[in-house]
Amino acid sequence: MLRNNLLAAIGFIELANAADFPANVWNEAPLPLHAVILMALGGILAFCVLPFVIGDAVLSYRNVLCLREERKYLEKRKQSLDGPNDGAELDFIDCLLQVNFREQGTEWVDRVGMDAILGVGAFIVGIGTFMAIGGENPHIHTASDLLTGYIGNSPCALYGLVNLAWSAFIWIRANRQTRGSHVIENANRDASIQGLLELRAKEFKLHGFISGAMGLFAAAASLLTYTHWQAYIALAVCLAMSVWLNRFWRLKLGYDRPLLQRDREVVFYGEDITDALKYTMHWSAMVEAEMKRPSNRDLLGVLQPTIGSPPEMITFLRRHHLFEEFCLELCSQVSHEARLFGIQDGGSRKIQADHLLDLASEDEAIKNMIEKLAKEVIREAAPTCFHYQQRWLLEALGCCLTMSNGDTDNLTRSVSRKHESSLAHDARPASLSSGLEHGPRPGSSSSSPSPAPLSSSLSHSTCPGFPCSSLAHDNDPRTPSTSLAHDSRPVSPFSCLPARGG
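Residue numbering for the sequence shown is -18 to -1, 1 to 484, as defined by mature numbering (1 follows the signal peptide of the UniProt record, and there is no 0).
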């Protein structure tokens, strides 16, 4: 899984950059007592940032490893497509590769790179600030000046330049997506999708502009602090903006999403995006309306009858990538551990949905426990789940509209055909409470069975797109490696759509 796991504490990383304030202001001998105390606090503050920096870098690097594996799969899949009718699928894989590139760039520049460079700077500044306490020694005084001056603040200046280049790329990319959103308007007149796409592009432009400007501003200010204490005022502004950017990313731009794996065939069709977006927008609007009620919030009531029975609950959890969280909660139910997990081999626990449902039909206690845990997971995670799906779908759609060759005619035609087909089939937005239905693909048999509706039993449903072969994700230490058996049929890359064929 790609995880939106940016640590909130990283927003305060500029504090470490300003921790040398007492060392640069009281650059004299002998030092007053209050200056010594402030230097000690400044050095401690600089070192306190390091555990969070290291932790965030580790989490981010795990995301990078997952994204690299996905990219290898996509490139291998692209090389295997050489038929005359594979052009649309190749274009869509290119879109997914663009998404992957942006996600990897964000992890490398905004997290791993920033954590590494500014972490080194914080370490140097912390040492220099502590050394300033013994500034009566001329050699220590000189070393402290160097460490809290240009040497300690040079990493911040270096990162400011790298971040400026990446932020400029993000701004240009988002600007192209803003222009490309008109393709949706021209294709199917869906103002809601166009509005969401434009809003997300504007949010990326805002984040990129502020991040690039703040990084450059902080770089210049950090180099001036050695000789001008007034530069710390500028660093205070940068600290406030850093906290805001961190929160803005976590709450507005970042998302969790499953990754493409080699263990299952995935069918790529770009026009699936609009169907998936309508589905997600529908449920998200319903859940948000329920959450705004001052009392008696009942998300399960909103989602009824889609998730009324245990099979439907498990189906919902799997389709929206909540089954993993459900299994993590299930692992804590040690009273039924032997029956739930079966034979344990070297700490590996295998959980199969069909096995759970069989147990639920035989044992009322296990059935009640599964229902209780499923309801708790859905109640707590459903709002965030729909928000994340919507962000990822908009990300994919935006990349499809900004193909490197600028040719959006194929996408326009496919979206138009999809829109016309949906209008001919049903005037409602895909009848979301009963599942999305699709006509046959070009070249497929018209007698192919329709995908299972969302309210169908688990035995007729499919695992979501972007499947993971391992239930236990790398970023969560709460459970040992736990395998999950998957349906073998081809899936769409979008979790909220049923499988095609089957």
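Glycine included, C-beta positions come from ideal geometry on N, C-alpha and C.
Evaluate residue i with the Cβ neighbour count: other Cβ atoms within 10 Å of its Cβ, from every protein chain shown; 16 or more gives buried, anything less gives exposed.
i: residue 9; result: buried
i: residue 12; result: exposed
i: residue 292; result: buried
i: residue 262; result: buried
i: residue 350; result: exposed
i: residue 215; result: exposed
i: residue 90; result: buried
i: residue 340; result: exposed
i: residue 211; result: exposed
i: residue 154; result: exposed
i: residue 485; result: With the chain covering only -18 through 484, there is no way to say anything about residue 485.
i: residue 15; result: exposed
i: residue 1; result: buried
i: residue 498; result: It is not possible to answer for residue 498, since the shown part of the chain is limited to -18 through 484.
i: residue 47; result: exposed
i: residue 65; result: exposed
i: residue 336; result: exposed
i: residue 17; result: buried
i: residue 28; result: buried
Report all residues from its chain with a CB closer than 8 Å to the CB of residue i; omit the five preceding and five following residues, and keep chain order.
i: residue 232; result: -15, -13 and -11
i: residue 82; result: 49, 52, 53 and 56
i: residue 358; result: 311
i: residue 376; result: 178, 179, 182 and 259
Compute the beta-carbon to beta-carbon distance between residue i and residue j, rounded to the nearest angstrom, for a pair I have assumed lies under 8 Å.
i: residue 206; j: residue -5; result: Actually they do not touch by this definition, with Cβ atoms about 15 Å apart.
i: residue -17; j: residue 378; result: That belief does not hold up - the Cβ atoms of residue -17 and residue 378 are roughly 13 Å apart, past 8 Å.
i: residue 129; j: residue 152; result: Actually they are not in contact, since the Cβ atoms of residue 129 and residue 152 sit about 33 Å apart, beyond 8 Å.
i: residue -3; j: residue 156; result: Residue -3 to residue 156, Cβ: 30 Å. No contact.
i: residue 356; j: residue 296; result: 7 Å
i: residue 114; j: residue 5; result: 4 Å
Apart from the five residues on each side of it in sequence, which residues of its chain come closer than 7 Å, Cβ to Cβ, to residue i?
i: residue 363; result: 304 and 307
i: residue 142; result: 197, 198, 200 and 201
i: residue 213; result: 203, 206 and 207
i: residue 228; result: -13, -11, -9 and -8
i: residue 99; result: 137, 140 and 141
i: residue 60; result: 72 and 75
i: residue 185; result: 234 and 235
i: residue 117; result: 11, 13, 123 and 126
i: residue 102; result: 137
When the Cα atoms are used, what is the spatial distance from residue i to residue j?
i: residue 242; j: residue 37; result: 26 Å
i: residue 302; j: residue 94; result: 29 Å
i: residue 485; j: residue 106; result: This structure does not reach residue 485, given that the chain is present from -18 up to 484, and the question cannot be answered.
i: residue 338; j: residue 354; result: 14 Å
i: residue 111; j: residue 254; result: 57 Å
i: residue 493; j: residue 174; result: What the structure shows of the chain is the stretch from -18 to 484, and residue 493 is not part of that stretch, so it cannot be assessed.
i: residue -9; j: residue 345; result: 47 Å
i: residue 342; j: residue 76; result: 44 Å
i: residue 35; j: residue 163; result: 37 Å
i: residue 195; j: residue 144; result: 12 Å
i: residue 367; j: residue 266; result: 9 Å
i: residue 300; j: residue 348; result: 19 Å
i: residue 63; j: residue 87; result: 27 Å
i: residue 239; j: residue 268; result: 22 Å
i: residue 226; j: residue 85; result: 20 Å
i: residue 369; j: residue 58; result: 31 Å
i: residue 352; j: residue 3; result: 56 Å
i: residue 274; j: residue 131; result: 51 Å
i: residue 272; j: residue 256; result: 24 Å
i: residue 365; j: residue 371; result: 10 Å
Just to confirm my understanding: we take residue i, look at its own chain, exclude 5 residues before and 5 after, and list those with CB closer than 6 Å. What are they?
i: residue 80; result: 381
i: residue 26; result: none
i: residue 158; result: 384
i: residue 373; result: 237
i: residue 97; result: 35, 38 and 39
Any heavy atom of the ligand SAM closer than 6 Å to the beta-carbon of residue i?
i: residue 342; result: Absence of the ligand SAM is noted for the structure shown, with no ligands found whatsoever.
Segment contact, 8 Å Cβ cut-off, at least three pairs: the segment 16 to 26 with the segment 65 to 76: no
At least three beta-carbon pairs within less than 8 Å, the segment 140 to 157 to the segment 186 to 201: yes
The segment 134 to 143 touching the segment 46 to 56, judged by at least three CB pairs closer than 8 Å: Taking a cut-off of 8 Å for Cβ pairs, the segment 134 to 143 and the segment 46 to 56 do not touch, as fewer than three such pairs fall below it.
Touch test, the segment 38 to 45 against the segment 104 to 122, Cβ-Cβ under 8 Å, three pairs minimum: no
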